[in-house]
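Residue numbers (our numbering): 166 to 401.
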Ligand code: PXP
């Protein structure tokens with residue numbers, strides 16, 4: 166059964182709308198844990214648009230499940246992450262104007278830099294994952310530099326408007342996941358997953374963890390966070 170990681174960035178986004186303290190993403194993380202999630206995901210962006218430096222310190226101190234910190238390879242963020250010591254980092258591309266992480270990391274294009282960063286974290290006992298598109302070339306590049314965990318970007322699958330294109334995107338994800346697993350990688354997936362499209366991805370045999378944010382927080386507006394996480398956990 167795949168695990169469920171809940172991304173709490175969207176709670177912080179709401180807090181930032183008024184620049185105050187509410188709603189508190191740490192409180193949200195603790196509630197997600199109570200409802201049965203397996204890890205907490207937070208993205209400390211270079212522009213600090215949602216999660217801030219204090220949040221990551223508090224998350225490290227207070228959560229009891231796995232802390233998966235999403236981040237770019239920006240040197241300032243790398244330093245902060247090394248100091249904080251999450252259980253896992255997930256390296257993602259970051260562009261200033263994007264609404265969310267719009268595509269996967271091009272591992273091949275930054276192999277040297279990525280390998281250096283991965284060693285820094287691995288030496289501290291922190292797992293390193295890369296967020297990549299469902300693409301064999303990217304998987305091989307990750308293997309080449311010794312990365313043991315990948316998260317497959319499910320955004321295109323989630324946005325597919327018709328059955329045919331969704332089936333095409335699903336096949337890419339399934340084939341990539343199976344290939345990566347056959348090479349011994351731990352395979353996670355996420356982005357745009359929701360209460361209707363998650364089952365198909367969760368059904369890929371051997372997939373380790375699904376990381377979901379927006380749709381859980383959106384549902385929580387109506388049902389409360391505890392029920393939103395419990396319902397998603399049941400589907401996963
Ligand atoms: N995984 C990664 C690497 C992400 O960047 C995001 C978005 O922050 C997610 C999962 C969750 O995406 P969503 O909020 O669409 O569920």
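Glycine included, C-beta positions come from ideal geometry on N, C-alpha and C.
Three-state secondary structure (DSSP) of residue i
{"i": "residue 179", "result": "helix"}
{"i": "residue 373", "result": "coil"}
{"i": "residue 205", "result": "strand"}
{"i": "residue 277", "result": "helix"}
{"i": "residue 298", "result": "coil"}
{"i": "residue 174", "result": "helix"}
{"i": "residue 292", "result": "strand"}
{"i": "residue 192", "result": "helix"}
{"i": "residue 363", "result": "helix"}
{"i": "residue 346", "result": "helix"}
{"i": "residue 355", "result": "strand"}
{"i": "residue 233", "result": "strand"}
Assigned exposure category for residue i - 16 Cβ within 10 Å defines buried
{"i": "residue 362", "result": "buried"}
{"i": "residue 320", "result": "buried"}
{"i": "residue 141", "result": "Residue numbering for the chain in the displayed model covers 166 to 401; residue 141 lies beyond these limits and cannot be assessed."}
{"i": "residue 387", "result": "exposed"}
{"i": "residue 260", "result": "exposed"}
{"i": "residue 376", "result": "buried"}
{"i": "residue 240", "result": "exposed"}
{"i": "residue 373", "result": "buried"}
{"i": "residue 194", "result": "buried"}
{"i": "residue 326", "result": "exposed"}
{"i": "residue 339", "result": "buried"}
{"i": "residue 173", "result": "buried"}
{"i": "residue 269", "result": "buried"}
Proximity to residue i [Cα-Cα], best of the options
{"i": "residue 179", "options": "190, 170 and 172", "result": "190"}
{"i": "residue 278", "options": "306, 397, 207 and 208", "result": "306"}
{"i": "residue 391", "options": "325, 198, 282 and 186", "result": "198"}
{"i": "residue 382", "options": "357, 368 and 364", "result": "357"}
{"i": "residue 166", "options": "370, 389 and 397", "result": "370"}
{"i": "residue 285", "options": "271, 311 and 296", "result": "311"}
{"i": "residue 314", "options": "294, 328 and 389", "result": "294"}
{"i": "residue 205", "options": "282, 184 and 253", "result": "253"}
{"i": "residue 368", "options": "335, 389 and 351", "result": "335"}
{"i": "residue 219", "options": "203, 186, 230 and 229", "result": "186"}
Proximal residues to residue i (C-beta, below 7 Å), its chain only, five neighbours per side dropped
{"i": "residue 251", "result": "225, 232, 233, 234 and 291"}
{"i": "residue 395", "result": "200 and 201"}
{"i": "residue 337", "result": "299"}
{"i": "residue 364", "result": "400"}
{"i": "residue 242", "result": "209, 211 and 236"}
{"i": "residue 324", "result": "357"}
Residues near residue i in its chain [Cβ-Cβ closer than 6 Å; skip 5 each side]
{"i": "residue 384", "result": "393"}
{"i": "residue 175", "result": "378, 379 and 382"}
Close Cβ partners of residue i (< 8 Å) along its chain, the five nearest in sequence each way excluded
{"i": "residue 344", "result": "301 and 304"}
{"i": "residue 360", "result": "380, 384, 396, 397 and 400"}
Measuring from each Cβ to the nearest heavy atom of the ligand PXP, keep the ones under 7 Å and list them in chain order.
-> The filter returns 172, 174, 175, 206, 208, 235, 255, 257, 265, 266, 296, 316, 355, 356, 357, 358, 376, 377, 378, 379 and 380, in chain order.
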